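Student:
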Ligand SMILES: *Cc1c(COP(=O)(O)O)cnc(C)c1O
């Protein structure tokens, strides 16, 4: 269930609220129940602006995948941002919000014919391909569609390497562009994704330089319009571990982009960086037990729910108890299901908790609720989006 509170920003009768403060968290749980995922659209906007400041001149296409929520999508579009869609479901979500298709690209390298047709019918024009079969699928669409060719740059430093499953070898990229040209499919340029939560920007720089050479070579052979470079996502955020701030992280990227010919339009596909810090997860203690000298607290959200990112995304979220107090005791936080792997954190120092106490997970916007299941019939967290864009009437979606 997706719930939203009325917009508050821009309404002079209401002063801005910080939904991540304890009192406000408690109030929202009273109103909407637990478990809850609280999205702060103010923080979505802050993240977008910070990345735009760190990458001036780069058009930011928010990748919906980490948090496909209408309020986030609207907040990005309202700021003049762009969208990165990868599935028919994401196309339908954006379409249902009445957003112009010109704001969107489709970046899944492998698509069914019906996915392509559906995106084309919505009005998406720019797609991604990384192999001959996929390029051939576009032959029949002539000038209605154009391609970015995704190139693979293996990244062992990223937490999630996205260049093993997708992307062609750099050595094969020109041959792929030749195939597209021979079929009358326009190649607009090249794209890559160095992997999510990148440790540093060296891979981005290496990939930008390799793609700049590919653009020049493909242009020399007149293999397409070749005016676009898509530098993907991968921009990191703080979890339990601190990462580089986005400005210093992007400094080498800015330097590499400055060496590109002026005609090249550069776009990026940030997901995690926009959504991650913009939401918190709130869970309640359902019950507790003392086992081998430690308190075990069983929450109504866990690894099969919003904490699924601990498995799929290899993230460790900073968790804290809203109850304060002494003494602090070594404690275990477990999810609600009957599976023994459903443990969120062990050896956490917490005051003694009771049923109904609230546990907050920070930086839980990206790859959390989006990959949650309802295993054991424990429902996914209710999502509430606050500080929405003025005019975003929301309601139950
Ligand atoms: C997942 C994904 C993104 C978002 O990546 P982040 O590392 O979350 O920024 C962008 N583009 C594509 C094609 C993706 O698959």
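Residue numbers (the numbering used here): 173 to 569.
Here a beta-carbon is modelled for each residue, glycine too, at the ideal position from N, C-alpha and C.
Quick caveat, the model's predicted, so the values are computed rather than measured.
(1) For residue 247 and residue 196, I'd like the C-alpha separation in whole angstroms.
(2) Less than 8 Å between C-beta atoms, sequence neighbours within five positions excluded: which residues of the same chain meet that for residue 394?
(3) In chain order, what residues of the same chain have a beta carbon less than 7 Å from the beta carbon of residue 528, not counting five sequence neighbours either side?
(4) Quick one: give me the first and last residue of the beta strand (DSSP E) that residue 276 is part of.
(5) With a cut-off of 8 Å on the beta carbons, I'd call residue 449 and residue 219 a contact; round off their distance for me.
(6) Kindly list the residues whose CB is nearer than 8 Å to the CB of residue 240, restricted to its own chain and excluding five residues on each side of it in sequence; keep chain order.
(7) Take residue 552 as the anchor and find which of 337, 508, 535 has the nearest alpha-carbon.
(8) Please look up how many angstroms separate the CB atoms of residue 506 and residue 474, rounded, as I've assumed it's under 8 Å.
(9) Specify whether the region 554–566 and the region 491–504 touch according to this definition: at least 3 beta carbon pairs, one from each stretch, less than 8 Å apart.
(10) Inspect the beta-carbon positions of residue 360 and residue 399 and report whether they are closer than 8 Å.
(11) Per the DSSP calculation, residue 510 is bridged to which residue(s)?
(12) Where do the N-terminal and C-terminal ends of the beta strand (DSSP E) with residue 522 fall, by residue?
(13) Can you name the start and end residues of the beta strand (DSSP E) that residue 361 belongs to?
(14) Between residue 217 and residue 243, what straight-line distance do the alpha-carbon atoms span, to the nearest angstrom?
(15) Hey, residue 226 and residue 383 are a contact pair by Cβ (cut 8 Å); roughly how many whole angstroms apart?
(16) Under 8 Å: do the region 291–299 and the region 460–468 share three or more Cβ pairs, one atom per stretch?
(17) Going by DSSP, name the residue or residues bridged to residue 400.
(18) Is residue 362 closer than 8 Å to residue 429 when the C-beta atoms are compared?
(19) Are the CB atoms of residue 504 and residue 209 within a distance shorter than 8 Å?
(20) Check whether the Cβ of residue 509 sits closer than 7 Å to any heavy atom of ligand 1, and report yes or no.
(21) Could you give the first and the last residue of the continuous alpha helix (DSSP H) run that contains residue 201?
(22) Express the C-alpha separation of residue 386 and residue 344 in angstroms, rounding to a whole number.
(23) When you compare only the Cα positions, how much space is there between residue 271 and residue 255?
(24) Are there any heavy atoms of ligand 1 lying less than 7 Å away from the beta-carbon of residue 238, as far as the coordinates show?
(25) Do residue 238 and residue 484 count as a contact pair if the criterion is CB distance below 8 Å?
(26) Can you tell me which of 500, 472, 275, 413 puts its alpha carbon nearest to the alpha carbon of residue 547?
(27) For the beta strand (DSSP E) containing residue 545, list its first residue and its last residue.
(28) Considering only residues of the region 225–257, which uninterrupted alpha helix (DSSP H) runs meet the minimum length of 4 residues and lie entirely inside it, listed in chain order?
Tutor: On the basis of the supplied data:
(1) As a first step, residue 247 must be located in the chain shown, where it is residue number 75. As a first step, residue 196 must be located in the chain shown, where it is residue number 24. Each residue's CA atom was taken as its position, placing residue 247 and residue 196 some 21 Å apart.
(2) Numbered from 1 along the chain shown, position 222 holds the residue referred to as residue 394. Once the five neighbours on either side are set aside, the close Cβ partners of residue 394 are 353.
(3) As a first step, residue 528 is located in the chain shown; it is residue number 356 there, counting from the start. Same-chain partners within the cutoff: 456, 457.
(4) Counted from its first residue, the chain shown places residue 276 at position 104. First-last of the beta strand (DSSP E) with residue 276: 276–278.
(5) Within the chain shown, residue 449 is the residue found at index 277, counting from 1. Within the chain shown, residue 219 is the residue found at index 47, counting from 1. Right, their Cβ atoms sit about 6 Å apart.
(6) Here residue 240 corresponds to residue number 68 of the chain shown, with the count starting at 1. Contacts found: 261, 262, 265, 542.
(7) Start at 1 with the first residue of the chain shown, and residue 552 comes out as number 380. The candidate whose alpha carbon is nearest that of residue 552 is 508.
(8) Sequence index remark: in the chain shown, residue 506 carries index 334 (1-based). Sequence index remark: in the chain shown, residue 474 carries index 302 (1-based). About 7 Å separates the two Cβ atoms, so the contact holds.
(9) The region 554–566 makes no contact with the region 491–504; the number of CB pairs closer than 8 Å stays below 3.
(10) Along the chain shown, read from residue 1 onward, the residue named residue 360 stands at position 188. Along the chain shown, read from residue 1 onward, the residue named residue 399 stands at position 227. At the C-beta level, residue 360 and residue 399 come within 8 Å of one another.
(11) Position 338 of the chain shown, counted from the first residue, corresponds to residue 510. Looking at the DSSP assignment, residue 510 forms no beta bridge with any residue, so it has no partner.
(12) Within the chain shown, the letter at position 350 stands for residue 522. Where residue 522 is concerned, the enclosing beta strand (DSSP E) stretches over 515–522.
(13) As a working mapping, residue 361 is identified with position 189 in the chain shown. Here the beta strand (DSSP E) through residue 361 covers 358–363.
(14) Here residue 217 corresponds to residue number 45 of the chain shown, with the count starting at 1. Here residue 243 corresponds to residue number 71 of the chain shown, with the count starting at 1. Going by the C-alpha atoms only, they are around 11 Å apart.
(15) As a position in the chain shown, residue 226 is number 54, starting the count at 1. As a position in the chain shown, residue 383 is number 211, starting the count at 1. Wrong, their Cβ atoms sit about 20 Å apart, outside the cutoff.
(16) Put simply, the region 291–299 does not touch the region 460–468. Fewer than three CB pairs are less than 8 Å apart.
(17) Position 228 of the chain shown, counted from the first residue, corresponds to residue 400. Note: residue 400 sits in a beta bridge opposite 361, 437.
(18) Your numbering for residue 429 matches position 257 in the chain shown. Your numbering for residue 362 matches position 190 in the chain shown. Result no, Cβ atoms of residue 429 and residue 362 do not sit closer than 8 Å.
(19) Against the chain shown, residue 209 aligns to sequence position 37. Against the chain shown, residue 504 aligns to sequence position 332. With contacts defined by Cβ atoms closer than 8 Å, residue 209 and residue 504 do not form a contacting pair.
(20) Sequence index remark: in the chain shown, residue 509 carries index 337 (1-based). No; taking the cut-off as 7 Å, the Cβ of residue 509 has no heavy atom of ligand 1 nearer than that.
(21) Counted from its first residue, the chain shown places residue 201 at position 29. That run of the alpha helix (DSSP H) goes 194–204.
(22) The sequence position of residue 344 within the chain shown is 172, counting from 1. The sequence position of residue 386 within the chain shown is 214, counting from 1. Computed Cα separation, rounded: 10 Å.
(23) Residue numbering aside, residue 271 sits at position 99 when the chain shown is read from its first letter. Residue numbering aside, residue 255 sits at position 83 when the chain shown is read from its first letter. In this structure, the CA atom of residue 271 is about 10 Å from the CA atom of residue 255.
(24) As a first step, residue 238 is located in the chain shown; it is residue number 66 there, counting from the start. Yes, ligand 1 has a heavy atom inside 7 Å of this Cβ.
(25) The sequence position of residue 484 within the chain shown is 312, counting from 1. The sequence position of residue 238 within the chain shown is 66, counting from 1. Cβ atoms of residue 484 and residue 238: not closer than 8 Å.
(26) The residue given as residue 547 occupies position 375 in the chain shown. Taking each of 500, 472, 275, 413 in turn and checking the Cα distance to residue 547, the smallest one comes out for 472.
(27) Along the chain shown, read from residue 1 onward, the residue named residue 545 stands at position 373. Run containing residue 545: none; DSSP gives neither H nor E here.
(28) List check, alpha helix (DSSP H) in window: 242–250.
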